[in-house]
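Numbering of the sequence shown is given in this note's numbering, commencing with residue 2 and proceeding in unit increments.
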Amino acid sequence: MTAPVTIESIRLRQVNLPPKVVRTDAIQSFVTQETLLLTLRCSDGVEGTGYAYTIGTGGSSVMALLHDHLAPRLLGRNPLHVEAIWKDLFFHTHATAVGAITSLALACVDTALWDWRARRQDLPLWQLLGGAQSRVPVYTTEGGWLHLGADELVAQTLAAQAQGFRGAKIKVGRPHVSEDVARLSAVREAVGPGFDIMVDANQGFNRPEALRRAAAFAGLDLAWLEEPMAAEDVSGHRQLRGQTAIPVAVGESMYHLSQFREYLERGACSIVQPDVARIGGITPWIKVAHLAEGFGVPVCPHFLMELHVSLCAAVPNAAWVEYIPQLDDITTSRIRVEGGYAWPPETPGLGIAWDWPVIEKRQLVDTTLNQ
Ligand code: MG
2 MTAPVTIESI RLRQVNLPPK VVRTDAIQSF VTQETLLLTL RCSDGVEGTG
52 YAYTIGTGGS SVMALLHDHL APRLLGRNPL HVEAIWKDLF FHTHATAVGA
102 ITSLALACVD TALWDWRARR QDLPLWQLLG GAQSRVPVYT TEGGWLHLGA
152 DELVAQTLAA QAQGFRGAKI KVGRPHVSED VARLSAVREA VGPGFDIMVD
202 ANQGFNRPEA LRRAAAFAGL DLAWLEEPMA AEDVSGHRQL RGQTAIPVAV
252 GESMYHLSQF REYLERGACS IVQPDVARIG GITPWIKVAH LAEGFGVPVC
302 PHFLMELHVS LCAAVPNAAW VEYIPQLDDI TTSRIRVEGG YAWPPETPGL
352 GIAWDWPVIE KRQLVDTTLN Q
């Protein structure tokens, strides 16, 4: 019998990336993408690289949690034991979980383990995880930010339509409901009926305002209303869903499978949007997707298209990939986007070709732990 494979070293790196365009919404702006990279080298000589991100704060805390508490527990483990490792690390950080910092750190580990596993099996991730669809519809968010005026929104959405995108997301949450309606009506009029418009409030409304805005948006044929209220307010979402025909989407601010279960059990959402970094990696992301399938609910993940395109292609109920390119500066691979669809990479592993010489030049952190 051959000796089991073990994790021999872990390298942690951080690269900060400026946003490609100015990105603003109802509650925040995207300052910088703190990109947190974890590379594990195993005794079989195969490496796996995973990553997570923030939009400007907390990156150093994630790196410290990984360096001081999680990475030392990974060394010597069998990388095939993905579920056991996830559970062990989660319980090891019990008093700081569920929480964003812990979930992002777990995502770095978990996505690296899946990269290693897929490389070892010489399979692209989307096939290893299920191989449900060879391409996924794609919509863009890059032309719909909240600071843009109606003319600019119309111009950018028409440009996206001309490029072949099948839908576009427009941020809502201007001070008065009439401003949101004016912006959305201008876009709908310009693009016509055959193009999907998603809207996103980024948790900007309280309950009465969410009900009011949803009522005012009726007739615009919106594909969904995303994060209308605080993510914690499951009852509020359930109430809204009972009063509007617009599909209600939630998920980018949820950090554990159980939060999705509660929304689904209570019929409080129409679409789930797990973010593979914020949910703690591929292992819990796939569970959310399959759970949602059982409820007849589509999955339309948040951001991170470079990884989500493979996860969407893996499961049958993924409906859309969100187009926000962000890794171009530090990768050499590009997703094929054509005719309104995105194709998952066919290369083994996550399918992300990191540009290591560039990363080396730009990295703020580079530290290695050995067994
Ligand atoms: Mg959103």
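Just so you know, even glycine gets a beta-carbon here, dropped at the ideal spot from N, CA and C.
Simplified DSSP assignment, three categories, for Trp355: Here residue 355 is taken as the residue at index 354 of the sequence shown, counted from 1. The three-state reading of DSSP puts Trp355 in strand, counting E and B together.
What separation, rounded to the nearest whole angstrom, lies between the Cα atoms of Gln157 and Gly46? Position 156 of the sequence shown, counting from 1, holds the residue named residue 157. Position 45 of the sequence shown, counting from 1, holds the residue named residue 46. Gly46 has its alpha-carbon roughly 47 Å from the corresponding atom of Gln157.
Please classify Thr373 as buried or exposed, where buried requires at least 16 other C-beta atoms within 10 Å of its C-beta. Nothing can be reported for residue 373: it is not among the residues displayed for the chain, which extend from 2 to 372.
Please state the DSSP three-state secondary structure of Lys172. The residue you call residue 172 lines up with position 171 of the sequence shown. DSSP places Lys172 in strand when its eight states are reduced to three.
Does the region 47-64 come close enough to the region 193-209 to have 3 or more Cβ pairs within less than 8 Å? Short answer: they don't touch.
Spatial neighbours of Leu312 in its chain, beta-carbon cut-off 8 Å, leaving aside the 5 residues before and after: Mapped onto the sequence shown, residue 312 falls at position 311. Same-chain partners within the cutoff: Leu126, Trp127, Leu130, Val277, Ile283, Trp286, Ile287, Ala290, Pro302, Ala319.
Coil, strand or helix - Gly295 by DSSP: Sequence index remark: in the sequence shown, residue 295 carries index 294 (1-based). Judged by DSSP in its simplified three-state form, Gly295 adopts helix.
Suppose contacts are defined by Cβ-Cβ distances below 8 Å. Is Ala293 in contact with Ser271 by that definition? Here the question's residue 293 lines up with position 292 in the sequence shown. Here the question's residue 271 lines up with position 270 in the sequence shown. When the beta-carbon positions are compared, Ala293 and Ser271 stay at least 8 Å from each other.
Which parts of the region 277-346 are runs of the beta strand (DSSP E), unbroken and 3 residues or longer, counting only runs that do not cross its ends? List check, beta strand (DSSP E) in window: 322-324, 337-339, 342-344.
How should Ser104 be labelled, buried or exposed, when 16 other C-beta atoms within 10 angstroms of its C-beta is the threshold for buried? Translated into positions along the sequence shown, residue 104 becomes position 103. Answer is buried; the Cβ neighbour count reaches 16.
Let's see if you can read the secondary structure: which residues bound the alpha helix (DSSP H) around Ile86? Within the sequence shown, the letter at position 85 stands for residue 86. That run of the alpha helix (DSSP H) goes 83-93.
Taking all protein chains shown into account, decide if Thr94 is buried (16 or more other Cβ within 10 angstroms of its Cβ) or exposed. Here residue 94 refers to the residue found at position 93 when the sequence shown is read from its first residue. Burial call: buried.
Quick check on Glu153: does DSSP put it in helix, strand or coil? Position 152 of the sequence shown, counting from 1, holds the residue named residue 153. Looking at Glu153 - three-state DSSP - the assignment turns out to be helix.
Should Val366 and Arg74 be called a contact, given that it needs their Cβ atoms to be closer than 8 Å? Within the sequence shown, numbered from 1, the residue matching residue 366 stands at position 365. Within the sequence shown, numbered from 1, the residue matching residue 74 stands at position 73. Not closer than 8 Å, so no.
Does the structure place the region 250-260 close enough to the region 222-234 that three or more beta carbon pairs sit under 8 Å? Judged by Cβ distances under 8 Å, the region 222-234 makes contact with the region 250-260, as three or more pairs qualify.
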